[in-house]
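*Asks:* Letter 140 of the sequence shown, counting from 1, is numbered 158 in my numbering, and no numbers are missing.
The C-beta atom is built at its ideal place from N, Cα and C for all residues, glycine as well.
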Amino acid sequence: MFSRLNTVAFQGVDVITIDVQVQISPGNHGFTIVGLPDKAVGESKERVRSAFHAMGLSLPFRRITVNLAPADVQKEGSHYDLPIALGLLATMKAIPSDSLEEYFALGELSLDSRLAPISGVLPAALHAASFEKGIICPHASGGEAAWAGEINILAAENLLSLVNHFKGIQVLSPPAPLMEEVSHRKELDLRDIKGQETAKRALEVAASGGHNLLMLGPPGAGKSMLASRLPGILPSLTPSEALEVTMIHSLAGQLNEGKLIRTRPFRDPHHSASMPALVGGGLRAQPGEISLAHHGVLFLDELPEFQRATLEALRQPLESGKTVVSRANAHVTYPSRVQLVAAMNPCRCGYLGDPGRACSRAPKCAQDYQAKISGPLLDRIDLHIEVAEVSADDLTRPSLGEESAVVSERVKRVRDIQEARYQGLGVSIHLNAHADGELLDEIATPDEAGKLLLKKAAHNFKLSARGYRRVMRVARTFADMNGSSSVLEEHIAEALSYRHLHFSS
Ligand SMILES: Nc1ncnc2c1ncn2[C@@H]1O[C@H](COP(=O)(O)OP(=O)(O)OP(=O)(O)O)[C@@H](O)[C@H]1O
Ligand SMILES: [Mg+2]
């Protein structure tokens, strides 16, 4: 007696078809799972046995063998419970064996035969759709699976309702796609920030061109406050971006009730975060914070306090927009196109440059503190700004600044200009921050006066090749913000002003 059905394995965001083969043969009583199962998959036997018992069924007193093929792919996670249980039910003729052919199945069983939500249902459903097949999953994950398009979805509360469905006793109705409400967090408005006009302007530039931003300033100057206002001025996700972001959160098991994510991610991991937490990987490969921030903002507050190796590991993803995690038997890739915002104090005590409050080790302590951030990482940050303390006068005056909604309109306009330009050029990028090489030369070569200024600055400030191109990139954004088709001297001049003195490169 034999039956088979499909389920999936995940390798990064890639989904692999797994063939679940179930055989019940005469011989000694036993239940074996083969095909490189990890501990969670191995324990599946006990959950399946108990779930059957809860339905009033007992496993046949024969030899049961489950093979998960291909045998050389590591099988991880608890979602193999459901396909194994369904395969057994089909082999035992409790459900028609041909009923499973048109589906991929995944879900975790509870001891009482209920189906518990699992991670990765959306990518699995998209994978099933590419084979024109349906998906069987837990009821709680149905809203997520429904985003895969016109496919058959059986989202069941428990194993018994699936048996009843296949027997035609009680047919399951298809779930509706669920979507997150877009909430504008009123409490995080730019208007709350008093003074700090330069920093607010830098925030707008960063949002407009997708540039990475580093803020340096004394404690309490408002750096964290500024960073938290960035998502509020960014446009909401496009439908294809929303699907990508939701897919990554689904893989990490971080989807809120299986709803499609529509607001741009903002992730602010603590500086004690480990390398796997930030970059991804670990015992069971999981997307890290940098991938969870895909198409959104990764905010690293107190930058020098992060472990050095962890920060260095961010260099490659920041450049390429994807993270490659090496595992014992494979490399897995997660998308991680993020906008990095970092904040730091100029030195450990934080008051460098303030003669009244700086510690006795200044400026040596500042050099040590800032040296924790490597040059190559700084090179990947287009905008470096100093956030000075706000004066008591500024703080007592009522705020006259613009609301996030107004700034966000302008940001959207500048992003539209970039989108149109890159579409016209037939390249796949959308923002100035990602332009490089010949493309950057083509779109951001300044006029003669601008060239001269850039040359002088390169000489005087000893700009590195990367630093030079960083200025061109930011200048392109200034030109777009001013509605200018070419990059002029004034744009270069403004771009040069966003290079921090301590970190000239
Ligand atoms: N420009 C400002 N307008 C209004 N309130 C401000 C401003 N700057 C700071 N504050 C107030 O000071 C508090 C501290 O600001 P914030 O946490 O952003 O400082 P920080 O620069 O991140 O400091 P640290 O270096 O210690 O992390 C804020 O919660 C806010 O109440
Ligand atoms: Mg802070």
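Strictly by DSSP, which residues pair up with L318?
*Replies:* Per DSSP, A360.
*Asks:* Whose CB is closer than 7 angstroms to a heavy atom of ligand 4? List the residues in chain order.
*Replies:* Ligand 4 is absent from the structure shown, which contains only ligand 1 and ligand 2.
*Asks:* Give me the Cβ distance between A295 and S137, rounded to the nearest whole Å; I'm assuming they're in contact under 8 angstroms.
*Replies:* The Cβ separation is near 16 angstroms, so there is no contact.
*Asks:* Bridge partners for T83 per DSSP, in chain order?
*Replies:* Answer is Q41 and T50.
*Asks:* Tell me whether G368 counts as near ligand 1, meaning its Cβ is closer than 8 angstroms to at least one heavy atom of that ligand.
*Replies:* It does: the Cβ of G368 is within 8 angstroms (strictly closer) of some heavy atom of ligand 1.
*Asks:* Exposed or buried, S309, counting other C-beta atoms within 10 Å across all chains shown (16 or more means buried)?
*Replies:* When all chains shown are included, S309 counts as buried.
*Asks:* Can you give the Cα-Cα distance for Q334 and V297, rounded to whole angstroms?
*Replies:* Approximately 10 angstroms, taken between the alpha carbons.
*Asks:* Looking at the unbroken beta strand (DSSP E) that takes in E61, where does it start and where does it end?
*Replies:* Careful: E61 lies outside any beta strand (DSSP E) and carries neither H nor E.
*Asks:* For the candidate residues V66, S268 and R428, whose alpha-carbon lies nearest to that of L177?
*Replies:* Out of V66, S268 and R428, V66 has the C-alpha closest to the C-alpha of L177.
*Asks:* Which of the three DSSP states, helix, strand or coil, is assigned to V16?
*Replies:* Nothing about residue 16 can be read from this structure; the chain reaches only from 19 to 523.
*Asks:* What do you reckon, are the CB atoms on H183 and R491 nearer than 9 angstroms?
*Replies:* Not in contact: H183 and R491 (Cβ atoms no closer than 9 angstroms).
*Asks:* Specify whether the stretch 232-244 and the stretch 396-403 touch according to this definition: at least 3 beta carbon pairs, one from each stretch, less than 8 angstroms apart.
*Replies:* Result yes; three or more Cβ-Cβ pairs closer than 8 angstroms.
*Asks:* By the three-class DSSP mapping on this structure, what secondary structure does S21 have?
*Replies:* In this structure, S21 counts as strand in the three-state DSSP scheme.
*Asks:* Determine contact between the stretch 485-501 and the stretch 454-463, defined as no fewer than three beta-carbon pairs at a distance below 8 angstroms.
*Replies:* Enough Cβ pairs lie closer than 8 angstroms, so yes.
*Asks:* Kindly list the residues whose CB is nearer than 6 angstroms to the CB of G339, restricted to its own chain and excluding five residues on each side of it in sequence; keep chain order.
*Replies:* Taken in chain order, the residues that qualify are R355.
*Asks:* Which one of M499, G468 and L358 has the shortest CA to CA distance from D319?
*Replies:* D319 has its Cα closest to that of L358, out of M499, G468 and L358.
*Asks:* Quick one: what's got a C-beta closer than 6 angstroms to I42's C-beta in the same chain, skipping five residues either side?
*Replies:* Counting only Cβ-Cβ distances below 6 angstroms, and skipping sequence neighbours, we find M19, P78, R80, I82 and T109.
*Asks:* Rounding to the nearest angstrom, what Cα-Cα distance links I171 and S96 in this structure?
*Replies:* Roughly 20 angstroms separates the two Cα atoms.
*Asks:* May I ask whether a heavy atom of ligand 1 can be found less than 8 angstroms away from the beta carbon of D412?
*Replies:* Yes - ligand 1 has a heavy atom lying nearer than 8 angstroms to the Cβ of D412.
*Asks:* Can the beta-carbon of P305 be found less than 9 angstroms from the beta-carbon of T281?
*Replies:* Contact: no.
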